[in-house]
Every structure is written in C-alpha cells, then in structure tokens.
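First up is the structure itself, then whatever we jot down about it.
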Amino acid sequence: MKKLLILAVLFSLCTIGLAQETQREPSARTEDRITREVRHELLMLPYFTVFDYIAYKVNGYEVTLLGQVVRPTLKSDAENVVKRIEGVEKVNNEIEVLPPSPMDERLRLRVFRAIYGYPPLQKYDLGVQKPIRIIVKNGRLTLEGVVDSEGDKNLVGLRANGVSGIFSVTNNLQVVNS
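For what it's worth, the numbering used here labels the leading residue of the sequence shown as 1, then goes sequentially.
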C-alpha cells in the first residue's frame, strides 16, 4: 500500500513538472510582443547613431544582441534596456565594440557625406534614425540597413566605393518590398 502511495505521489510530481515545463514555452503572441519591444527600446537608445549597427534575435524568452558599435557604453546600454523588458529572461550580448581609430572616424564621416549628401540618396537622410548604417573597422566598410530599391542599393555601393581610403566595401543592404 505504501509503495502504491509513493508511486502515485511521484507520478503526480512528474506530471506537475511536465505541465510547468510546457507552460514555459512562450506563445507566438508573447514572442512578437518581446520582438516589438526590443526593437523599440534599441531605437530609443540616446547614443545610437548611423555608425552603429545593432541586430537581435528573439528565441522564446531569450534575446541575442548582435552587431557593431563605436562606444562601449552603447553595448552595455543595449543589454540593460533589453533586460528590463517584461518576459525577457536571458540576454546574450554579442555586440562588438569597434576599436577606436582616428582613420576609421574620418572614413565614417567621408562615407556619410558621400551617401547622405548625394542628391538622389538624400531621401534617406530624413528622420533621426538613418536606414543606411555605416560600419567601418580597420578601413573596411560594411553597409547595413534598408533601401527602397535595388537601384538605390547599387548606388549606395558605388558612392561608398568611391571614397578614397576604404580598403573594401561589403554591401549588406536589404531592399524593402514596397
């Protein structure tokens, strides 16, 4: 009789444990909410500039931050705001802090002027958060972000390649479907 009672108690504890485990899976709605809030919080960071690129992946209650930033404080600020979002249990901060370099800083400014100062591309200069991100590391340029057309993507690449002092250009711009 005691063995039967002990087996019943163990069985019920196992089923409670399984029930709690299945409750830990977030709904699609919860994951969408977390995704929207992460995006909003990252865009609201005060020192997030056109020379920084932050991407993220949401997997359940876990958020992974990716990208490159110029200031180390931006890396920690991004992690801190994401940690405070309701439902986020873990943050993996894989953001790279770019090494300080006067040469890279000059190249960033020259590329910015070449892209955003060019009349056919000035439409992208509207608003606080620029859609084309300029990442320079050791003289190598990576373009991240979004543009309206394949022609604009190619034009941005041409303008960036025309800046002297750039060793290579990687154009990761995405075309937004209108």
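Think of the CB as a built atom: it goes at the ideal place given N, C-alpha and C, for glycine as much as any other residue.
- Between LYS137 and LEU98, the gap from beta carbon to beta carbon is short of 8 Å.
- Between the alpha carbons of LEU173 and ILE95 lies a gap of roughly 19 Å.
- In chain order, PHE167 place their CB closer than 6 Å to the CB of GLY139, counting only its own chain and leaving out the 5 sequence neighbours on each side.
- About 6 Å separates the CB atoms of GLY87 and THR30; that is less than 8 Å, so the two are in contact.
- For ILE115, same chain residues with a beta-carbon under 8 Å away, outside a window of 5 residues either side, are LEU121, TYR124, ILE132, ILE134, VAL156, ARG159, ALA160 in chain order.
- When secondary structure is reduced to three states using DSSP, LEU126 falls in the coil class, being assigned neither helix nor strand.
- Within a 10 Å sphere around the beta-carbon of GLN68 sit 16 or more other beta-carbons, which makes this residue buried.
- Within its own chain, the residues whose Cβ lies closer than 8 Å to the Cβ of THR170, once the five positions on either side in sequence are excluded, are ARG140, LEU141, THR142, LEU143, listed in chain order.
- Between TYR61 and LYS90, the beta carbon gap of about 7 Å places them in contact (Cβ cut-off 8 Å).
- The straight-line gap separating the alpha-carbon atoms of ARG33 and ASN93 is approximately 20 Å.
- Minimum Cα-Cα distance from GLU41 among the listed residues ILE85, GLY127, TYR53 corresponds to ILE85.
- Bounds of any beta strand (DSSP E) do not take in ILE34; it lies within the alpha helix (DSSP H) bounded by 28-43.
- Nearest C-alpha to VAL38 among VAL50, ASP77, VAL70: ASP77.
- A straight line joining the alpha-carbon of VAL176 with that of VAL147 spans about 6 Å.
- About 6 Å separates the beta carbon of LEU45 from that of LEU74, a gap short enough to meet the 8 Å contact definition.
- The C-alpha of SER164 lies about 26 Å from the C-alpha of LEU126.
- In the structure shown, SER101 falls within a coil segment according to DSSP collapsed to helix, strand and coil.
- For GLY151, no beta strand (DSSP E) encloses it; the enclosing alpha helix (DSSP H) starts and ends at 150-161.
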